[in-house]
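Letter by letter, the sequence shown follows residues 120 to 496 in the working numbering.
Each residue gets a CB set at the ideal place from its N, CA and C atoms; glycine is no exception.
On a predicted model such as this, the values are computed, not experimentally measured, just so you know.
The next block holds one structure in the form of structure tokens; read it before the comments.
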Amino acid sequence: MRICLLICSSFGLAAWLCFPGLADEKSEAPVAERDESELLARIHRITYEGRRGGEGYFSTDGKRLVFQSERDSDNPFYQIYLMDLTTGDVKRISTGVGKTTCSFINPTAPQIMFASTHHDPISYQYQAEELQRRESGEERRYAWDYDPEFDIHTFNTESGEYTRLTRTRGYDAEGAYSPDGRLIVFTSTRDAYNRELSEAEQARLDSDPSYFAEITIMNADGSDPRRLTHVPGYDGGPFFSPDGQRIVWRRFDEDGVIADVWTMNVDGADARQITDFQSMSWAPYYHPSSEYIFFASNKHGFSNFELFIVDVQGRKEPVRVTTTDGFDGLPVPSPDGRKLAWTSNRHGGKGQIYMADWNHERALELLEVAPPRNPER
120 MRICLLICSS
130 FGLAAWLCFP
140 GLADEKSEAP
150 VAERDESELL
160 ARIHRITYEG
170 RRGGEGYFST
180 DGKRLVFQSE
190 RDSDNPFYQI
200 YLMDLTTGDV
210 KRISTGVGKT
220 TCSFINPTAP
230 QIMFASTHHD
240 PISYQYQAEE
250 LQRRESGEER
260 RYAWDYDPEF
270 DIHTFNTESG
280 EYTRLTRTRG
290 YDAEGAYSPD
300 GRLIVFTSTR
310 DAYNRELSEA
320 EQARLDSDPS
330 YFAEITIMNA
340 DGSDPRRLTH
350 VPGYDGGPFF
360 SPDGQRIVWR
370 RFDEDGVIAD
380 VWTMNVDGAD
390 ARQITDFQSM
400 SWAPYYHPSS
410 EYIFFASNKH
420 GFSNFELFIV
430 DVQGRKEPVR
440 VTTTDGFDGL
450 PVPSPDGRKL
460 AWTSNRHGGK
470 GQIYMADWNH
480 ERALELLEVA
490 PPRNPER
């Protein structure tokens with residue numbers, strides 16, 4: 120048997136994944152353990168425009184949110200936008216050309232980082248072809264292609280200047296700054312393009328380029344890139360801990376079916392597995408207190424992704440946060456830890472960004488009484 124579901128990727132993009140040999144009854148979600156109002160108050164949607172939007176990240180003062188959205192009439196792909204949370208004003212940050220994803224605001228400089236293919240001369244052709252396909256009414260299952268033309272760029276909010284930081288062949292995206300703004304951690308498939316592949320590896324690259332994704336770190340100016348992970352299968356979606364000493368990321372198994380949350384030192388040492396749901400657990404992000412990690416998982420239903428929190432050591436069972444059917448993912452807390460932004464389709468459409476007040480004190484109470492992580496897993 121083969122089951123397909125529509126999910127959002129780490130960078131907020133819808134994608135169809137198919138899993139062989141899984142029974143239909145796994146898609147039935149059990150009754151929720153608690154109501155989501157226990158941890159979330161005043162849930163409200165903050166993005167409406169465009170076909171879809173998601174993956175929002177706060178500025179250090181909590182007054183701005185950078186995110187991606189399909190809302191440009193001339194470009195069907197994601198572009199990067201900056202929202203003023205005090206006025207609601209939104210302006211585009213990316214060039215408007217090509218595909219973009221995975222933005223992040225530099226905490227110490229007037230720069231916004233994002234991944235883009237706007238330097239690719241074929242970008243306009245891809246845009247025209249996709250617009251024509253949509254105008255024809257043709258429907259297709261969406262799949263993120265890990266375009267090897269993706270590179271990491273920055274936009275200077277004062278000068279308006281764009282700077283290209285990576286130029287190595289391969290998918291460079293999913294980047295985040297360190298708290299001091301000196302380092303960037305990101306995901307890269309460059310290893311699949313900078314050496315000769317075996318016949319089996321080439322076949323894998325043609326069918327699943329994400330298999331070659333590894334966590335890489337570099338200086339904020341793009342210099343001195345260093346690979347941190349060396350395990351077969353996809354490693355991606357990295358973020359720094361609030362003190363800048365560790366990195367949290369998601370690791371898929373070699374089949375690309377099961378994913379878990381991991382952490383490691385910034386030099387790649389002391390890798391620790393934090394979750395073991397035997398499902399797809401991904402999109403991790405530290406709470407500013409450094410006491411727990413947010414993530415999303417479909418543990419409670421094959422197409423029902425919910426938000427969870429887990430202690431930073433992964434010693435206890437995670438605590439469920441959301442209980443609404445559908446997709447809830449990509450959770451990001453505000454710098455003061457009192458609000459939570461995430462991507463959801465709870466309005467019945469495609470993903471958009473929601474925000475709510477976050478009950479940090481109750482979260483700590485629930486984590487304190489959570490049972491130990493099941494050693495049999």
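- R481 and G356 have their C-alpha atoms some 27 Å from each other.
- Its Cα nearest to that of P195, the residue S242 stands out among L316, S242, R288.
- Restricting attention to D343, D374, I377, D389, the CA atom closest to the CA of Q364 is found in D389.
- Annotated three-state conformation of Y176 is strand, per DSSP.
- If you compare the alpha carbons of S453, R457, T442 with that of S463, the shortest gap goes to T442.
- In this structure, the CA atom of S297 is about 17 Å from the CA atom of G181.
- By the criterion of at least three beta-carbon pairs nearer than 8 Å, the stretch 322-335 is not in contact with the stretch 268-279.
- The three-state secondary structure of D310, taken from DSSP, is helix.
- According to DSSP, E248 shares a beta bridge with no other residue.
- The Cβ-Cβ distance between A402 and G352 does not fall below 7 Å.
- Shown here, V350 sits in coil according to DSSP, grouped into three states, outside any helix or strand.
- In this structure, I428 lies near Y411, with their beta-carbon atoms less than 7 Å apart.
- Remark: C-beta atoms of P450 and P407 do not approach each other more closely than 7 Å.
- Here Q392 is exposed, its C-beta having fewer than 16 other C-beta atoms within 10 Å.
- In summary, R439 is buried, with 16 or more beta-carbon neighbours lying within 10 Å of its beta-carbon over all protein chains present.
- The continuous beta strand (DSSP E) containing L159 extends over residues 159-164.
- Distance from the CA of G433 to the CA of F371, rounded to the nearest whole angstrom, comes to 17 Å.
- For V304, DSSP records a beta bridge to A295, I336.
- Excluding five sequence positions before and after P490, the CB atoms of its chain that fall closer than 7 Å to its own CB belong to K435, E436, given in chain order.
- For R211, the enclosing beta strand (DSSP E) covers residues 209-211.
- Between A234 and A292, the gap from beta carbon to beta carbon is short of 7 Å.
- Spanning the alpha carbons of Q471 and G173 requires a straight line of approximately 5 Å.
- The Cβ atoms of M337 and P344 lie closer than 7 Å to each other.
- In the DSSP assignment, H272 falls within the unbroken beta strand (DSSP E) covering 270-275.
- Close CB contacts of T276 within its chain, under the 6 Å cut and outside five residues either way in sequence, are with P229 (chain order).
- A Cβ-Cβ separation of about 6 Å places D299 in contact with T227 under the 8 Å criterion.
- Between T282 and the set V367, H238, A160, D208, the nearest pair of CA atoms involves H238.
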